[in-house]
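Numbering (our numbering), first residue to last: 213 to 315.
To start, the structure itself, in structure tokens.
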């Protein structure tokens with residue numbers, strides 16, 4: 213199954229990494245490793261994520277999955293052949309507003 217990471221999701225990952233790096237490179241690298249591991253989990257079982265925020269994005273089928281012990285959430289769509297990573301957002305952000313205005 214192919215994994216597509218949208219540019220905004222890539223920016224989200226880099227922003228989170230830079231933020232966590234302030235507490236030391238070890239925790240920031242652990243975050244990246246956890247994101248990669250979660251991508252693998254999602255690829256193996258695309259329905260693993262919650263549909264709580266489905267309906268806030270113009271396209272139906274949005275799911276999210278928590279990034280391990282970190283307070284970030286991976287938002288994605290899945291098809292038979294692809295996982296589309298849309299955003300990776302901190303759980304305390306105004307997720308409904310962000311997703312409803314996302315392109």
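Note that the Cβ used here is the ideal one computed from N, Cα and C, for glycine as well.
Task: Where the beta strand (DSSP E) containing residue 286 begins and where it ends - done: Here residue 286 is taken as the residue at index 74 of the chain shown, counted from 1. For residue 286, the enclosing beta strand (DSSP E) begins and ends at 284-290.
Open item on the list: Spatial neighbours of residue 246 within its chain, please: C-beta separation below 8 Å, excluding the five flanking residues on both sides.
Closed with: Against the chain shown, residue 246 aligns to sequence position 34. If we look at residue 246 and ignore the five residues flanking it on each side, its Cβ neighbours are 279, 280, 281, 282.
TODO: Name, in chain order, the residues that DSSP records as bridge partners for residue 321.
DONE: No answer is possible for residue 321: it lies beyond the span of the chain, which begins at 213 and ends at 315.
Task: Status (buried if at least 16 other CB within 10 Å, exposed otherwise) for residue 250 - done: Indexing the chain shown from 1 puts residue 250 at position 38. Buried.
- [ ] Would you tell me roughly how many angstroms separate the C-alpha atoms of residue 306 and residue 284, rounded to the nearest one?
- [x] Residue mapping note: residue 306 aligns to position 94 of the chain shown, counting from 1. Residue mapping note: residue 284 aligns to position 72 of the chain shown, counting from 1. So the two alpha carbons sit approximately 13 Å from each other.
Task: Per-residue burial, residue 324 [other beta carbons within 10 Å of its own, 16 or more giving buried] - done: Beyond the ends of the chain as shown, which are 213 and 315, falls residue 324; an answer cannot be given.
TODO: Determine the direct distance from the alpha carbon of residue 238 to that of residue 269, and round the result to whole angstroms.
DONE: The residue you call residue 269 lines up with position 57 of the chain shown. The residue you call residue 238 lines up with position 26 of the chain shown. Rounded to whole angstroms, residue 269 and residue 238 show a C-alpha spacing of 34 Å.
Open item on the list: With a threshold of 8 Å, are at least 3 pairs of Cβ atoms found where one atom belongs to the stretch 256-272 and the other to the stretch 289-298?
Closed with: Judged by Cβ distances under 8 Å, the stretch 256-272 makes contact with the stretch 289-298, as three or more pairs qualify.
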